[in-house]
Every structure is written in C-alpha cells, then in structure tokens.
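Engineer: A single structure is presented below for examination.
Structure follows, in structure tokens:
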C-alpha cells in the first residue's frame, strides 16, 4: 500500500487533503509541525496553536489515521527566523514562508515522512503537480486561481516534487468545503492573514524591536537627487510603495522607493518614480532542474498577492540569477520577496528580488 | 486489534475479560446507589463492601482502611493534601519530604501545597539508579516533617525503592509515610503491614482493571482532611456516589493479580532481560536507566545518545510497535523528563529515552521482532537528529 504523510494544520484544506487520499486508498499518516515562537508565546504560533493541534488530532481520529506532532522549534528558529532578521538587516522585506516551505516543510518534515516509510508527502496547498514526458515533474497553478498558492512552492525541485501530492489543487475552494462537510470534517479555514505565524499576532515591528533592536536606527530620508527630506525611525518600519507615515514635508505625495542598509537611508520619490521596468533576482530555483540558456517570455509574479505581469526573463550566471524586464512598469518591486515565472499554468521557477 | 505489538503495559493494560465479566451486572441490572435504603441500594452497597474486603485481604489490612477513588492520581492527591493539612492542624508540622523522581501526581501536588498552602517541600535527590536510599530520608526528616512520600516503583525507569526501610525510619520519627504503589502493584507484593506504610496509592488500570478507579490505603488512626467534600461516602474522606462496577472490577483485578503475581513475573522477567541484554549489546551509545536488579520485572528503559525520543516513538509506531518514552509527550514539545534528568544525564542523552514494558500477554516472538527492528530505527532517528 502506498504510504503518504499529510502535513496537517487543523484547517479545512489539509483535512480534506487527508480525507481524499484516504478515500483514494492510500495508507495515510497525519503529521503536524510544532514551530517556534518567542519565549512566553509558544502557544500562540498561528500555525500550531493548541486549538489547531486539537483540531488536527480530531480530524485524524475521524479519518482513523495515525497522527504525530514533530518538533521543529530549533530548526525553525535557526533557519526561518534568522532569515527574517537577516533580510531586514539587509534592508529587504523578506518572505520567511518561502524558506519555511523549502527548509521546514519540504526538507525537515519530508525527511521525517520518509523515515516513517512514506512514499509521498501531501499538503493542503492549492497547487498541482503534473508528470510530463520523460517523467519530469511540473508544478502547476491550482484550478482555483483565486486560491492558487503555487507561488510559495516555487522553491521545490524535482527530487521533492517526485514526493509531493497536492490533493486540493484540483478543486475550487467551495468544492473543498463541500467535501469537508461530506466527510464530517471541520470546515474552518485559518483566516487568510498575511501575518507570519511566529509573530503570534503581534506587529512585525514590535518583534524586530525586541529581537533586533539594532535594525531600528533612525536615518535620513532622501530623494533620488540626494535631497534630505527628514528622518526615518528605522528602515525596517517601511515597505516599498508605502505612502503614509513618512513624515517628510513635501508638496507632492511621496512614496518609499527603496532602502539602503549600508547608508541607512530611505529613498523616496513621487508616484511616477514608483514603477520599475526591471528587476534582478538571485538564488533562482528552476523547477525542471535545468536552467534555460536563453531569454524567454513569461508572466512574472512579484509577491504572493500580486497579479502576474508579462515580461522577458533573462538568465544570468548560468541561471542562478535572472534579469526580468517587464513590458510595462510594475509598482512596488520589493527586495526580499520572490519573483516567480509562469508560462500559462506551469510554474517554471523563481528567485529572490534584489 | 490494531495489528500492532503493544509494549507499553506501564502506561495501561487491557481489562482482563474475567474482570469485565464481574463488572457487567453493576451497570444496568444492579444499578442501585450504595447509599440508598432500599434493596437496590443494599445490593450495590454489598458489592462495594465485598470489593473493599477483597482489596483489604490482598493488602493485609482492615476493610475500613480502604478508600476508593477515581484513579491513582486522586489517591496521591488525597494522601498528600489530606495528610499534610491534617498533620499541620495537629502539630504544626509544615515540611513535606519527597523525591525528585516521583510521578507528577505526587510532585505537582507537593508544589501545589507549597504554593497555595505555605508548606515547605524538601526534594530528595535520587542516586544514579533513581533510588531513594534510607540514609537520605534519615538525614532529611526533622520534627517539622508532616509527611514523607516516596514511590514504591518508578513508572519511567522501573527502579524499586527500599520502602520497608524508609517506612521504619518514618515510624521511628513519628512521621507519616505515603507510597505511590500505582506502578508497583502489578508485580510487587502490596502487604501494607510488611511494608510498614501509613498511606498507599493504587490505580486499577495498571493491573488489568478498568481506568477511572483507584484506591488509597489509610492506616487506622491516620487523620486526613478530605479534598472532595459532600456526602459521607468512603468514611467521609471522598464524597460522591461510588462507581460500583469499577470498584468491583478494581477488586477483582487486584485479586487476580495477587493470585497470579508470581507466574506473571516469571513470564515477563526473562523477556525483559532479553530486551535489556540485546539493546545494550546491539545499540551503540545506549544505557539502561534505573536499577539493573532492583527493578520491576516487566520494565526495560533506556536512553540513547543524540536521539529524539519522541521521533523514535513515531518510527516505532509506524513500524508497528507501541512503546513510550520518559517524557510522555504527544505535543511534540521535547523537554527531558525530570526523572531522567534527576539521574544526571546530560541533555544529549536525556531526550532520547525509551520505555519498553511487558504484560502477561507479551509473547517471546513479539520481543524478537521488536529487537530485530529497534537498532535500525535508533540509527534512523540519529540520522534525522543530525540535520
């Protein structure tokens, strides 16, 4: 019997994923990660509150599958949280969920799953996997485009995709709720908050103040022309495209254009200056395992919630980096977020915006 | 039932079918309340009192020295809280002496008494086998000691304490002595007069009785303050309508255990010794926890260096073997257990504990197949730990 570990969260999507696999005849095991939070807030990590754990356990009992909690606190702190702090130290706006998917879900947890004798690991992500000619695995957008989560999975390679199952990616979300009801499973979604799990509901700025106070040094607010407009209260407090709260006296509305961590300056400009035609991305992962040699056309998504924009993608340094040239300027290109390239439904790869 | 091999009899045991049989009539047919005047009540009362006599005969005590409770933990709570409060009222004694290797039912109750009732707790260190020696107790007692509580046999590491000698010291100093015999009762004699204890806790499900029922032996003349107040049941020490079928089941399970104790021990001991011998020989960086000789005959426990004990349990479960670790933890929050830590193991050893406990239905073939897979699973857990 084919054995599959389902990464469960207590939410409707992973619960249905487990139910569908069980129905399809797999030998299903439920697993849940215990992740890190600041001392004293251990029970408040959004991804593994005691309530969600109890819920996942109930679902597992209902489906009559084994369920194990795996401790990932140390490795999560060392990798994901460190990455978050390092990103802000570089003046970027990091997306730690990407690293969590690569290092925690699809490495740490996958290793545990394989150690238990699993052939596959499944998650409740809205994405699809397809086997192309020659056995190559492709990563596809979900059927429900509004729910598509393939963006955060661009870090997967062939080896991991061979082991991956995304059972809910084939269904529209309302259908998932119906399936949950038909199995008698809880139908609650974790509210689609953009908050990071380890912030435990707190503002990321407070978290940084407590854990990396040195990042909150005041510095100058400058224009492209080098004109000093005022003082900022720490680069990490600002996001690209932000308009409010700059406190810089100016007759025209000003927006955050960029950050320079070396000089600790915040670059601002007018709305017209906000768009960029080009970006460079590093640490590029090509899902196929082979970096293209030549430029290609693609739709590029520059953050989880952004709409794709048509562009030309040029591989650099044997594909470890790329330059992306958009057909029309796009707003709020943010260093630290990922640029992910699609052709139609197929996700080709992605990297971190510099 | 699950097609798996159960090696966790220290956690709980299945109800013996013979026990279930004698319980059956008291659910629906003879359902009366033992406190009622009518015949229904009389029949129920007779069942409870006959159970009390059975328990008393095994414990070699008087029936009115037995208090039925809802579990071993409740018995520990009643013993510690009840005796400590009563002793302080009597002579102002406000020290409780207990060990660092006790079950939480005792240690957390002692902490509670310290925090909310202004008692002082003296925690006895244990030796490297997890044993409390009579000398330690002798050194610790003073005229302010209200109560000493030392467990009969340790649930995590199987070590048997010299209860008789500790009881003698307490007796000589006029101090009450309680022992938690919840884990011990399945395999060790529980004659309270031979042991010399004043208070002794038992829990039914550790010896093929049902869960949800326990008993506390209270030596005649020992004052206790009840912690569950209400009706006058159980000599006024434990209010609440008695759980008749479970009390009947408890007594029958204890009676059978007493009757079959030697043959059960003779059955599990060689299997235990095979486990201990093979593990220590086959698995590098492995150590026995607890005492080599003075340990429960069904109990083998180990620590493995650089192993996440919780992960090892998951690997074992997936391979079809139900075991347990020192830190019984389903939430994936690995903290080394106080008991293992009290033995002096460093962090890299203390997290990797494994407890394998046998029962009367354990078969040699089960032990063989367990020992066949364990070394490779420990190895696998070590590899995952290195990431």
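Residue numbers (my numbering), protein chains in the order written: chain E, 638 to 991; chain G, 3 to 389. Idealized CB from N, CA, C, for every residue including glycine.
Could you check what DSSP says for residue 897 of chain E in three-state terms: helix, strand or coil?
Structural biologist: strand
Engineer: What would DSSP say about residue 744 of chain E, mapped onto helix, strand or coil?
Structural biologist: helix
Engineer: Using a threshold of 9 Å, state whether the C-beta atoms of residue 84 of chain G and residue 229 of chain G are closer than that.
Structural biologist: A contact, by the Cβ cut-off of 9 Å.
Engineer: Measuring only the C-alpha atoms, how far is residue 671 of chain E from residue 740 of chain E?
Structural biologist: Cα to Cα, the separation comes out at about 14 Å.
Engineer: Can you tell me which residues form a DSSP beta bridge with residue 100 of chain G?
Structural biologist: G:125 and G:151
Engineer: If the criterion is Cβ atoms closer than 9 Å, does the pair residue 203 of chain G and residue 81 of chain G meet it?
Structural biologist: A contact, by the Cβ cut-off of 9 Å.
Engineer: Step through the CB atoms of chain G and report whether any lies within less than 9 Å of the CB of residue 720 of chain E.
Structural biologist: Residue contact with chain G for residue 720 of chain E: absent (no Cβ-Cβ distance below 9 Å to any residue of chain G).
Engineer: Indicate whether residue 761 of chain E and residue 654 of chain E have their beta-carbon atoms separated by less than 9 Å.
Structural biologist: yes
Engineer: Can you check which of these residues, E:855, E:782, E:874 and E:905, is closest to residue 845 of chain E by C-alpha distance?
Structural biologist: E:874
Engineer: Can you give, in chain order, each stretch of the beta strand (DSSP E) that sits fully within the segment 165-194 of chain G and has at least 3 residues?
Structural biologist: 178-182
Engineer: At a Cβ threshold of 9 Å, is residue 999 of chain E touching chain G?
Structural biologist: Lying before the first or after the last residue shown, residue 999 of chain E is absent from chain E, which here runs from 638 to 991.
Engineer: According to the Cβ coordinates, are residue 921 of chain E and residue 946 of chain E closer than 9 Å?
Structural biologist: Cβ distance not < 9 Å, so residue 921 of chain E and residue 946 of chain E don't count as in contact.
Engineer: Would you grab the beta carbon distance between residue 640 of chain E and residue 755 of chain E for me? Rounded to a whole angstrom, and I think it's under 8 Å.
Structural biologist: 5 Å
Engineer: What residue range does the alpha helix (DSSP H) around residue 813 of chain E cover?
Structural biologist: 810-820 is the span of the alpha helix (DSSP H), which, as asked, contains residue 813 of chain E.
Engineer: Restricting to Cα atoms, I'd like to know which of E:854, E:879 and E:860 is closest to residue 870 of chain E.
Structural biologist: E:854
Engineer: What's the gap between the Cα of residue 359 of chain G and the Cα of residue 753 of chain E?
Structural biologist: The alpha-carbon atoms of residue 359 of chain G and residue 753 of chain E are separated by roughly 23 Å.
Engineer: Going along the chain, which residues of its own chain have a beta-carbon closer than 6 Å to the beta-carbon of residue 980 of chain E, five neighbours each way excluded?
Structural biologist: 935
Engineer: Should the segment 148-163 of chain G be called in touch with the segment 284-292 of chain G, which here means at least 3 C-beta pairs below 8 Å?
Structural biologist: yes
Engineer: Could you work out which residues of chain E lie near residue 308 of chain G, taking near to mean beta carbons separated by less than 9 Å?
Structural biologist: Those within 9 Å of residue 308 of chain G in chain E number zero; the least Cβ separation is about 14 Å.
Engineer: Residue 732 of chain E: buried (16+ other C-beta within 10 angstroms of its C-beta) or exposed?
Structural biologist: buried
Engineer: What do you get for residue 683 of chain E, buried or exposed, if any count of 16 or more other CB atoms within 10 angstroms of its CB means buried?
Structural biologist: Residue 683 of chain E comes out buried.
Engineer: With distances taken from CA atoms, which of G:88, G:23 and G:26 is nearest residue 239 of chain G?
Structural biologist: G:88
Engineer: At 3 residues or longer, what runs of the beta strand (DSSP E) sit wholly inside the segment 663-712 of chain E?
Structural biologist: 664-671 and 704-708
Engineer: Please tell me whether residue 707 of chain E has its Cβ less than 9 Å away from any Cβ of chain G.
Structural biologist: yes
Engineer: Using Cβ-Cβ distances below 9 Å, what residues of the segment 735-763 of chain E are close to chain G?
Structural biologist: 744, 745, 748, 749, 752, 753, 754 and 755
Engineer: According to the neighbour-count rule (16 or more other Cβ atoms, all chains shown, within 10 Å of its Cβ), is residue 892 of chain E buried or exposed?
Structural biologist: buried
Engineer: Please list the partners that residue 703 of chain E has in chain G, where partner means a Cβ-to-Cβ separation under 9 Å.
Structural biologist: 316, 319 and 320
Engineer: Can you list the residues of chain E that residue 386 of chain G reaches, using a CB-CB cut of under 7 Å?
Structural biologist: 748, 749 and 752
Engineer: Just list the residues that DSSP pairs residue 802 of chain E with in beta bridges.
Structural biologist: E:759
Engineer: Could you give the C-beta distance for residue 21 of chain G and residue 198 of chain G, rounded to a whole number, given that I count them as a contact under 8 Å?
Structural biologist: So it is not a contact: roughly 29 Å between Cβ atoms.
Engineer: Starting from residue 92 of chain G, trace the alpha helix (DSSP H) in both directions and tell me its first and last residue.
Structural biologist: That run of the alpha helix (DSSP H) goes 74-93.
Engineer: Are there 16 or more other CB atoms within 10 angstroms of the CB of residue 282 of chain G, so buried, or fewer, so exposed?
Structural biologist: exposed
Engineer: What does DSSP give as the partner residue(s) for residue 324 of chain G in the beta ladder?
Structural biologist: G:8
Engineer: In whole angstroms, what separates the C-alpha of residue 726 of chain E from that of residue 719 of chain E?
Structural biologist: The straight-line gap from Cα to Cα measures roughly 10 Å.
Engineer: How would you call residue 676 of chain E, buried or exposed, if buried means at least 16 neighbouring beta carbons within 10 angstroms?
Structural biologist: exposed
Engineer: Buried or exposed for residue 192 of chain G, please, with buried defined as at least 16 other CB atoms from any protein chain shown within 10 angstroms of its CB.
Structural biologist: Around the CB of residue 192 of chain G, 16 or more other CB atoms lie within 10 Å, so the residue is classed as buried.
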